[in-house]
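Protein chains in written order, with the working numbering: chain A, 771 to 1025; chain B, -11 to 280. Beta carbons are placed, not taken as given, at the ideal position from N, Cα and C, and that holds for glycine. Report on the following structure.
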């Protein structure tokens, strides 16, 4: 299975009521690849990301991560819905970073990072603390280990959130507009951590408006609009030489 | 040009003569009331002094306090269970919880207490197991007889706690709703189960919202225990002091005794609430920014 793609999406459809948000998404992300999803708000890129983590259920299509279908188990050509415990196990291998950080406010930075290790992987507290400190060091925040989220800047909170997701040793990391809620001067420190992560070989799907990051770090870029993939390819092609009118239009507004 | 010196402002502060006048007025009023009460024979201060620490009153105050603490403890536990059930993905749990709250919040606590007192008249035994299936004399279950003399104390606790649980469930539910949905999503994406998410992420954050109204409910429960006479349990503070006042043909000093004890307990509870609120404000108050 080593050559199978990390993420494979075939004809993904998703509606909220009568509003069809995803109208047949097809894409593949190979292992170690960084894919940036760009597009106007409401284009369905965040929804697609949430489907990969099973925070939203898809209506039709086939979505799999590392060869395993998300939310279902296939047996003799038939799909069976996963039990909550199986779905949780599947999720724990996929890290997610949210726009608004979603750190646990009643826990210190270190407790946030170790919470998954202790409560999900049942790792003992000492080992978890040691690994948690190493992860905080990796995002440059070891001296803030005992601070509560309310006393960290937005950039620091998001870096803790990245460390928290990495603590589960995920094979795939999903970033849902990780810098959109940050003050401009704090965006850089988060992007630097993400760059380091990409260089270490992590497979990443990043919904972002940071075109500079996409150009520099992404292996491929997908432009989504109105629930469909309009254009995809190398960042240099999509961002510098867009073929579609809608892509040109969007890029002229954000760059 | 004069150098603007860095001295603090010297000015005549704004006077508030009416505040002083109003304060004086109420002090005089209170003094007049107390002076009058002190000499008024109907209050019978001699009896008040005699009974305030009398053994029977002291014991009755203990009964009232233990009824409050045990009933509230059970009500909080059951309230959390009911509120979590209301949010469960399982529709059976959701509906059971709804029906419980509907019945126990929808009927007066006094009437419920009368019902619990009549339990042994309605049901003669309590059976856990599968009814109607037996092999000779062997039943698949256990019978517990409800004796005519079932402990009135425990019936009162059951009555008070089940009624209160319905209110606590709504308070806990409001607390759970106050927690941002992003918290659940973050916990889920770490692979936490629904129960782990509730136990370690949602409920601890909801506590900050749950505690102030819970303190209110405990104080309210302290006073609701005076209704246990409906069961009829007559060992609590109110029933006992009324009972004693029948002996001395004057209800007033014993009412004062009861009120003094209720007020004493309430005051202690208010102090306790203050410290518990501080404990659960972690991560919110500026003083708790760094874990010591």
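In this structure residue 959 of chain A is buried. Its beta-carbon is surrounded by 16 or more other beta-carbon atoms within 10 angstroms.
Neighbours of residue 868 of chain A in chain B, taken as residues whose beta carbon is under 9 Å from its own, are 170, 173, 174, 177 in chain order. Interface criterion met: the Cβ of residue 181 of chain B is under 8 Å from a Cβ in chain A. Chain A places no beta carbon closer than 8 Å to that of residue 197 of chain B, leaving this residue out of the contacts. Here residue 238 of chain B is actually not in contact with residue 24 of chain B; their C-beta atoms are around 18 Å apart, not less than 8 Å. Non-local beta-carbon contacts of residue 968 of chain A in its own chain, meaning distances under 7 Å to residues more than five positions away in sequence, involve 804, 974, 987 in chain order. Within the model, the alpha-carbon separation for residue 846 of chain A versus residue 775 of chain A is close to 22 Å. Contact between residue 89 of chain B and residue 158 of chain B holds: CB atoms are separated by about 7 Å, below the 8 Å threshold. A Cβ-Cβ separation of about 5 Å places residue 36 of chain B in contact with residue 244 of chain B under the 8 Å criterion.
Considering only B/204, B/223, B/248, B/194, the residue with the shortest C-alpha distance to residue 876 of chain A is B/194.
Counting only runs of at least 3 residues, the segment 92 to 152 of chain B fully encloses the following beta strand (DSSP E) elements, listed from N- to C-terminal order: 113 to 123, 126 to 133. The criterion of a C-beta distance shorter than 8 Å is not satisfied by residue 873 of chain A and residue 992 of chain A. Non-local beta-carbon contacts of residue 953 of chain A in its own chain, meaning distances under 7 Å to residues more than five positions away in sequence, involve 924 in chain order. Under the Cβ distance rule, residue 786 of chain A does not count among the residues neighbouring chain B, no pair being separated by less than 8 Å.
Per the C-alpha coordinates, the member of A/899, A/810, A/850, A/858 positioned closest to residue 822 of chain A is A/858. Residue 123 of chain B has a beta carbon lying at 8 Å or more from every beta carbon in chain A.
Within chain A, 858, 889, 890 have C-beta atoms less than 9 Å from the C-beta of residue 184 of chain B, given in sequence order.
At a cut-off of 8 Å between beta-carbon atoms, residue 68 of chain B makes no contact with chain A. DSSP places residue 230 of chain B inside the alpha helix (DSSP H), whose first and last residues are 225 to 236.
For the pair residue 214 of chain B and residue 861 of chain A, the CB atoms are not nearer than the 8 Å cut-off. Within the same chain, 927, 928, 931 come within 6 Å of residue 871 of chain A by CB-CB distance, once the 5 residues on both sides are set aside.
The segment 42 to 61 of chain B and the segment 207 to 226 of chain B touch, with no fewer than 3 CB-CB distances between them shorter than 8 Å. The distance from the Cβ of residue 84 of chain B to that of residue 228 of chain B is about 38 Å, inconsistent with a contact at the 8 Å cut-off. Sequence-distant partners of residue 839 of chain A (beyond 5 residues in either direction) whose C-beta falls short of 6 Å from its own C-beta are missing from its chain. Residue 843 of chain A: member of the beta strand (DSSP E) spanning 842 to 845, first to last residue. Taking a beta-carbon distance threshold of 8 Å, residue 847 of chain A does not count as an interface residue toward chain B.
C-alpha of residue 145 of chain B to C-alpha of residue 824 of chain A: approximately 45 Å in a straight line. Taking the CA atoms as reference points, residue 832 of chain A sits about 42 Å from residue 67 of chain B.
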